[in-house]
Structures are given as C-alpha cells and as structure tokens.
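I have placed the structure first, in the form of structure tokens, so that the comments after it can refer back to it.
Residue numbers (our numbering): 1470 to 2067.
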C-alpha cells in the first residue's frame, strides 16, 4: 500500500475544515456506519507474543444509502492493551477506482467512503492491518468495538498472549528488527558479546539504500550475563551508555552506513545491545524487504532483514445500469401515421423503497433518455399503450427486442446490466387497410300501363348514370328494350353513390308516358332520377319502370232531337261504331308489328 506522507497532514486537515465550513445549511453530515462484519487474526497462526506484530483481516459492507464522507471502523481493545501499527491506505476497486480511504492509529482503524458509493450499490470489501499486544493475557479472545457500538470477539491463536520465549545470551553477534507501530520506521536490535569486542571497538552498520538512519534514536548499553534472565532483564540491570562520553556516531548517508565507536574499556561477561531506527522511504509498500548488516573489528558480521508490513484493502460494488427505449415503425401504412405521434411505454421495477413506475413517451425514430440508475440484476417490465387509431391503417402487436430483452404477454422484460445501458427496441407494424371488394350495378327496364300494347317492341330506353371515382367523374348510359337487363356495370368502389336518370321516351300516338320510377334495394328517388350506393362484392339492380297509358277518346256530344221517332237503326249504330274503332286499332297495330319485323 502506498504510504501517505505525514507532512501533508496539516494542510489536508485545513482543507477539510474549510470545505466543511462552506457546506450549505442542511447538507448531509457524515454518518458512522456499523460496517465491519468480521475480524480475524491471520498471522501468526500459532502463538501471539507480546510486542510481536500480528496481522488482522476484516470484512466490511455499507448500505446503499451511504454517501461520501460516511465512516466505518474499529476500536482496539484496551484490556489487554493493543496498539495498532500506524498506516494509511486507499481502498481500491478491481478497476482501480477509489472506494474510500483508511487510517490505522494506535487505538483503532477508521475508513472514510468516497464518491464511489454514489454510483455503486452493494458496496463491500476487505482490509488488513497490523497491531501489537503490549501485555500478556490468558483470554482466548480479543474484543473489538465497531463504530456502530457492536462488539466483535476475535479468537487468539494459541488461546493466550504470552511473553517471548526465554533465550540464552548470544555467543556471537546477532541482529533482528521489526516495523515500528508508527509504520514509518524499522527498529533494529544488535546484540554483541563483550568477549568479541575490544577497547575502542568500531561497529559499522550497512543498510539498504533508501533507508535513513535516525541518530537520535540510538540506544547503547549492556547487561551482565549474570543478569541476562533469559533475555527478560530489567531496566535496572541494563547499563545505559551516553554520547559522546561513552561512544561516538558518524553517519555516512552517501554510503548508506554509519559507524559507532566505543570509548574506553569493554566489561567482561556482558552482552552489548544497540537499538536504533531507520525511516522507510516514501512509496514503501507491504512486502518490501530491507536488509541490514553489522560488523566490527573483533566480531563476525551479522545480518538481518525486515519485510514491511503495511496495511491495505479494497472494495467493490455493483455499478447501476440504465435502460432506454427506441421506437421504430414498419409496414405499408407508416406514411399515414403523423410524424409527431408519441408512443407511451409504461415501465416498472422493484426497489428497496417499493415498486418504481413511470411512463416514457417517445416518437418513432427516436430513443428516450436513459432511465436510472437502477441496481444491476433488476428486472424491468415494459408495456406499450396501444397507439391511437389511424384512418386507413391498422396497428399490429408491438414487438420488443434487445440484449437481454424477453417478450411477455402484452409487453417485455429486461434485466439491468452493471455499468451499462440496455436499449429496448419497440417496433410497431402499421398496415394499410385493404380496400373492400368493389361492387357492380345493373339496370332493368319494365313497361306497364293500359297503353303498353301501343308501344312498339323495339322501343329503346336510354338510362344515363354517373358517379365519382378516385380518377374523376365517370359517366355512361345504357340502352334497353322493355324487359331487358343491362350487363353489370363496374367494378365500382364500395360506398360509391351512383345516380341514374332515364331520358324521356319518344312520343307514341295514342299513348301518354308517365314519370319513370326507380325500384331496387337502397334506391332513392332524386329529382327526375334516383341514387343508390354500391355494396361490396354485390350487384345492385335498379329497375326503371315506365307507364304507358292510352290517350282517352274525346267526348262526342249528343245530337239534338228533331222530333223524329227513334228507329231500329239508331239502336244498332253504337255497337257498330265501337267495332269499327277496335278494328281500326288492330289494323294499325298489325301494320306496326309488320314494320318492326321488316
């Protein structure tokens, strides 16, 4: 984990204070979340020893309502006293996004969430840090407290915290070290038997380049072997030497080394201890290894190494997704649909606070604005409201398509994908309404009346017709004899209104023509003619009927009586006159028929 330079701590705090002072009234304040879910000691696995760094791992999760600035963390136990190895690190996502940041102090760990939680749900992760036990304990658990006030009992490896094992005084030079609890230094201990040292001994320490020796941290002294006590000697038994009376240090940074020269004689049967610190370089991360070698005039060189134990962690969440609706039309009737027609698609999906519903209005050829953010995995149901009717066209059933789109009865469902938009294509087919089958009409001619026998059989009657079609006005006429029916006229579009009107028949002696009448299903008199409407796939027959009536004979006035007596001749005179009249009519009719035959 990259370490943060402490020299920036004060300016950063000032910026935080200034930023907080600029927050508007009512702005959301940071909340301490009960985010830590588990804590485990993972190293060492056998026995926990006083002053030994041990590694802890924790898991965490925050609610979807978390906002930047919210915190979560742990407070370390005070009995037995636990001290954290100070560090700070970034919680990174697998995509190297900053989820938050954490700081380990001597008393606990606190993490602050970043902007990541604004764009992700189900945010969780893990972290690790180091600590030291400052005292022994026979308890098999350590009790940590979350920032939410909840206790977490952590099992202690080996069931207790113990002192270091007793060890005998070293027979030759030894060197070992640890990372200090401030996280910024390595602390080395060098033990050298006095019997391997001479008066004025010069001790040289060579270390990994990048480390910086801290002369002020140097502690030099010795303990008599008689007071060694398995390495657990007391402060009273440790003879502290001072500079420059007892020793002199010469630091040599260019060579990554320093020398310590003892002044005066060396006591017999003693163990010298040098304890000092070195600052780790910026950018040090967990796993970096630092070596150190100490040598002297009278003793064999001793080396040691320390692996840096920085803390770290990470997190991740589900980045919400969105969906859009694209609208298209297809079919032969699209030209009839107004271009600004809006189509309404209703959507709904479950959410933590209850179902979410809405309506999207979109025009054909366009895509709606993205709807979201919505947690990934959420199933959204969509249904289109049937479009408004369009004259001359008929709507088909809407179809839904797109990645992850599944049609349902009357609509579709789509599953939201993490960090992506899913487009749902809704297509409507609109087809022209096919025109109805056309119809036809015929004209039949009928003759009636007392004078029908006087009408020559070859008398033709002319009936004119007219109607309007998409191509204009259509006119025509048929010529029929009485008793005839015309051939079907058409096809004529269903619903067309046809007008017919018969021309006046030619005059015939002794006959009076009555007005033409028009008879048929749906036929309506109109002035001197009639109208009717064409029916799909049907023939309409219109019978045009004429009446021919005999012209009545003129009235003959009675002759005045001259006083003559009636005779028998007067009685037979009237029948004879009638017979002569009928005979004349028959003769005329016969001649007319012969002329028609000729």
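Ideal Cβ placement from N, Cα and C applies to all residues, glycine included. Model, not experiment: these values are computed from the prediction.
Can you list, in chain order, the residues of its chain with a C-beta nearer than 7 Å to that of residue i? Leave out the 5 residues immediately preceding and following it.
| i | result |
| --- | --- |
| residue 1758 | 1774, 1776 |
| residue 1461 | Past the boundaries of the shown model lies residue 1461; the chain is included only from 1470 to 2067, so the question cannot be answered. |
| residue 1756 | 1776, 1777 |
| residue 1769 | 1641, 1642 |
| residue 1702 | 1692, 1696 |
| residue 1499 | 1538, 1539, 1540 |
| residue 1989 | 2001, 2009, 2010, 2011, 2012 |
| residue 1661 | 1642, 1741, 1765, 1768 |
| residue 1871 | 1883, 1891, 1892, 1893, 1894 |
Would you mind sorting residue i into buried or exposed? The rule is 16 or more other CB atoms within 10 Å of its CB.
| i | result |
| --- | --- |
| residue 1796 | buried |
| residue 1599 | buried |
| residue 1441 | This structure gives no information on residue 1441, because the portion of the chain shown stretches from 1470 to 2067. |
| residue 1845 | buried |
| residue 1971 | buried |
| residue 1615 | buried |
| residue 1548 | exposed |
| residue 1644 | buried |
| residue 1734 | exposed |
| residue 1546 | buried |
| residue 1801 | exposed |
| residue 1491 | Unreliable placement is indicated for residue 1491, whose pLDDT of 37 sits below 50; no coordinate value is reported for it. |
| residue 1698 | exposed |
| residue 1824 | exposed |
| residue 2008 | exposed |
| residue 1771 | buried |
| residue 1709 | exposed |
| residue 2043 | Low confidence applies to residue 2043: its pLDDT is 41, below 50, so where it sits in the model is not reliable enough to give any reading. |
| residue 1711 | exposed |
| residue 1736 | exposed |
| residue 1648 | buried |
| residue 1652 | buried |
Does the distance from the CB of residue i to the CB of residue j come in under 8 Å?
| i | j | result |
| --- | --- | --- |
| residue 1941 | residue 1934 | no |
| residue 1530 | residue 1509 | no |
| residue 1602 | residue 1655 | no |
| residue 1885 | residue 1893 | no |
| residue 1832 | residue 1811 | yes |
| residue 1553 | residue 1650 | yes |
| residue 1917 | residue 1993 | no |
| residue 1638 | residue 1740 | yes |
| residue 1537 | residue 1584 | yes |
| residue 2011 | residue 1895 | no |
| residue 1782 | residue 1754 | no |
| residue 1555 | residue 1573 | yes |
| residue 1912 | residue 1947 | yes |
| residue 1542 | residue 1567 | no |
| residue 1617 | residue 1501 | yes |
| residue 1887 | residue 1839 | no |
| residue 1908 | residue 1959 | yes |
| residue 1906 | residue 1963 | yes |
| residue 1535 | residue 1596 | no |
| residue 1625 | residue 1525 | no |
Indicate whether at least one CB of chain C lies closer than 8 Å to the CB of residue i.
| i | result |
| --- | --- |
| residue 1893 | The structure shown contains no chain C, having only a single protein chain. |
Which residues in the same chain have their Cβ closer than 6 Å to the Cβ of residue i, if we skip the five residues on either side of it in sequence?
| i | result |
| --- | --- |
| residue 1706 | 1692, 1696 |
| residue 1863 | 1900, 1902 |
| residue 1746 | 1654, 1656, 1683, 1686 |
| residue 1874 | 1881, 1883, 1893 |
| residue 1744 | 1658, 1688 |
| residue 1876 | 1869 |
| residue 1978 | none |
Suppose the cutoff is 8 Å on Cβ atoms and the five residues either side in sequence are ignored; what does the same chain contact list for residue i look like?
| i | result |
| --- | --- |
| residue 1813 | 1828, 1829, 1830, 1853, 1854 |
| residue 1732 | 1669, 1713, 1714, 1715, 1716, 1717 |
| residue 1727 | 1673, 1674, 1682, 1684, 1718, 1719, 1720, 1721 |
| residue 1588 | 1788, 1789, 1842 |
| residue 1919 | 2017, 2018, 2019 |
| residue 1850 | 1816, 1817, 1818, 1877, 1880, 1881, 1882 |
The ligand FMN heavy atoms versus the CB of residue i: any closer than 7 Å?
| i | result |
| --- | --- |
| residue 1628 | The model depicted lacks the ligand FMN and carries no ligand whatsoever. |
Inter-stretch contact (C-beta, 8 Å, three-pair minimum) for the stretch 1559–1568 and the stretch 1809–1820: Judged by Cβ distances under 8 Å, the stretch 1559–1568 makes no contact with the stretch 1809–1820, as fewer than three pairs qualify.
Completely contained alpha helix (DSSP H) runs for the stretch 1607–1653, where each covers 4 or more residues: Runs found: none.
The stretch 1666–1686 contacting the stretch 1595–1613, beta-carbon criterion three pairs below 8 Å: Output reads no: the stretch 1595–1613 does not touch the stretch 1666–1686.
Runs of beta strand (DSSP E) lying entirely within the stretch 1923–2001, each at least 3 residues, in chain order: Those beta strand (DSSP E) runs which fall completely within the stretch 1923–2001 and span 3+ residues are 1929–1938, 1941–1950, 1958–1961, 1966–1971, 1980–1982, 1986–1988, 1993–1995.
Ordered list of beta strand (DSSP E) runs contained in the stretch 1551–1585, each at least 3 residues: Those beta strand (DSSP E) runs which fall completely within the stretch 1551–1585 and span 3+ residues are 1551–1553, 1556–1561, 1567–1573, 1577–1582.
Inter-stretch contact (C-beta, 8 Å, three-pair minimum) for the stretch 1714–1724 and the stretch 1782–1793: At 8 Å Cβ cutoff, the stretches do not touch.
Secondary structure, beta strand (DSSP E): runs of 3+ residues fully inside the stretch 1496–1556: As far as the stretch 1496–1556 is concerned, its whole beta strand (DSSP E) runs of at least 3 residues are 1505–1512, 1522–1530, 1540–1544, 1551–1553.
Three-pair Cβ contact test at 8 Å for the stretch 1999–2017 versus the stretch 1957–1969: Output reads yes: the stretch 1957–1969 touches the stretch 1999–2017.
Segment contact, 8 Å Cβ cut-off, at least three pairs: the stretch 1519–1526 with the stretch 1623–1638: Cβ pair count under 8 Å is three or more, so yes.
Sequence ranges, beta strand (DSSP E) only - wholly within the stretch 1702–1733, length at least 3: The beta strand (DSSP E) runs of length 3 or more contained entirely in the stretch 1702–1733 are, from start to end of the chain, 1708–1710, 1716–1721, 1726–1731.
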